[in-house]
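Chemist: Below you will find the structure I want to go over with you.
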Amino acid sequence: MTFSKQKNPWRKIALMSAILGLPGAAMADWGLNLTKGVTPYSNTVYDLHMLILGVCVVVGIVVFGLIFYSVIAFRKSAGAKAAQWHESTKVEILWTLVPFLILIGMAVPATHALIMMENVSNADMTIKVTGYQWKWHYQYLDDGINFFSTLESGSNMARQLKSGVDPKTVPNYLLEVDNHLVVPVGKKIRFLTTAGDVIHAWWVPALGWKRDAIPGYINESWAEIQTPGTYRGQCAELCGKDHGFMPIVVDALSAEDYAAWVTKMKAATQHADAGAAVPAAAVAQQ
Ligand SMILES: [Cu+2]
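Numbering of the sequence shown is given in the working numbering, commencing with residue 49 and proceeding in unit increments.
Structure follows, in structure tokens:
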């Protein structure tokens, strides 16, 4: 079949089919699929997503296949006559049993993922995350380090009405903060999430979860980042007029780099405690 004519509708259909038939890697480049993230938990979520997507696709193909087959093969114009029958125990058992088994097949890995998510035991370190309008406060409970993390000044300037700054010229516009949350790779980090005013939500997609930050409640979660890098996220609960301006940036460092950062931060904090009166945010920047 050739597609020489520009307006041939089959050309478009064939093109779409070819695009949809591309292998998974190409689809990933498009950014259409859920991303894998950088933690074992995010990988579990990804696998669960792919499994359930697969089940849905197969069920969809079977159901729509049967519908189209019935409509075409047994159409009135082809002389089909409606069968007259009543009840079929066999069919009823089948259409109860098959969805039941499919649901069990999905519930087992889903429950496994939920249990994995809730298991914050044996953590190597704990970070308390408190949401405020409109910034984050991080407390390293084991090391006594704490600092606020707010929208980086370049983004903050550009976002102002009639600022005259083109947001396209600001690197990581609205996704950059003054003080990054620094964590080590390969360590199980327990996060305690809460808020000081209204409900916020701490969300870094690469970690594979999102946690509500609720005043008066402590929500627990954990992450073990496998790959060093910078991972960005945002507040994911509409928390007021500047909800869109309290991003999250996580720097995952190797064990040595992290230890060096902790030493530097502790020294800066001691310096501040000794009467230098350095604000916490400024301490974190050093
Ligand atoms: Cu918020």
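Note that the Cβ used here is the ideal one computed from N, Cα and C, for glycine as well.
If V230 and D299 are in contact, beta carbons under 8 Å, what's the gap, nearest whole angstrom?
Modeler: 5 Å
Chemist: For V168, collect the residues of the same chain with a Cβ closer than 6 Å to its Cβ; drop the 5 residues on either side in sequence, then sort them by chain order.
Modeler: R238, E268, W270.
Chemist: Exposed or buried, which one is W133 when buried takes at least 16 other CB atoms within 10 Å?
Modeler: exposed
Chemist: Can you tell me whether H160 is helix, strand or coil according to DSSP?
Modeler: helix
Chemist: On the criterion of 16 or more Cβ atoms from any shown chain inside 10 Å, does Y89 qualify as buried, or is it exposed?
Modeler: buried
Chemist: Spell out a yes or no on whether the region 82-100 and the region 236-256 are touching, meaning 3 or more CB-CB pairs, one atom from each, closer than 8 Å.
Modeler: Here the region 82-100 lies against the region 236-256, with 3 or more beta-carbon pairs under 8 Å apart.
Chemist: When the Cα atoms are used, what is the spatial distance from A155 to L162?
Modeler: If you take the alpha carbons of A155 and L162, they lie about 10 Å apart.
Chemist: Buried or exposed for L301, please, with buried defined as at least 16 other CB atoms from any protein chain shown within 10 angstroms of its CB.
Modeler: buried
Chemist: Tell me, please, whether the region 257-266 touches the region 242-249 by the rule of three or more beta-carbon pairs shorter than 8 Å.
Modeler: yes
Chemist: By DSSP, does W353 sit in helix, in strand, or in coil?
Modeler: Any answer about residue 353 is impossible in this case: the structure gives the chain only from 49 up to 334.
Chemist: Could you give the uninterrupted runs of the alpha helix (DSSP H) lying entirely in the region 188-269, keeping only those of 4 residues or more?
Modeler: 201-207
Chemist: Given the structure, does W251 come close to ligand 1, in the sense that its CB is under 7 Å from one of the ligand's heavy atoms?
Modeler: In this structure, ligand 1 has no non-hydrogen atom nearer than 7 Å to the beta-carbon of W251.
Chemist: Give a yes or no on whether the C-beta atoms belonging to Y180 and S203 are separated by under 8 Å.
Modeler: no
Chemist: Which one of H248, Y279, L96 has the shortest CA to CA distance from V177?
Modeler: H248
Chemist: So which of T83, Q282, M165 has the shortest CA-CA distance to H97?
Modeler: In this structure, T83 is the residue among T83, Q282, M165 with its C-alpha nearest to the C-alpha of H97.
Chemist: Distance check for Y279 and E285, CA to CA, integer angstroms please.
Modeler: 19 Å
Chemist: Exposed or buried, M313, counting other C-beta atoms within 10 Å across all chains shown (16 or more means buried)?
Modeler: buried
Chemist: Helix, strand or coil for M313, going by three-state DSSP, please let me know.
Modeler: helix
Chemist: Identify the residues that DSSP records as bridge partners of C287: which are they?
Modeler: DSSP lists no partner for C287.
Chemist: Taking I296 as the reference, give the member of Y265, W184, L145 with the closest Cα.
Modeler: W184
Chemist: Mind checking whether the beta-carbon of M165 lies closer than 7 Å to any heavy atom of ligand 1?
Modeler: no
Chemist: Locate the alpha helix (DSSP H) running through A121, then write down its first and last residues.
Modeler: Per DSSP, A121 belongs to the alpha helix (DSSP H) from 88-121.
Chemist: Kindly list the residues whose CB is nearer than 6 Å to the CB of F293, restricted to its own chain and excluding five residues on each side of it in sequence; keep chain order.
Modeler: W182, L199
Chemist: Compare the Cα-Cα distances from T174 to each of G212, E272, Q318 and report the closest residue.
Modeler: Among G212, E272, Q318, the Cα nearest to that of T174 is on E272.
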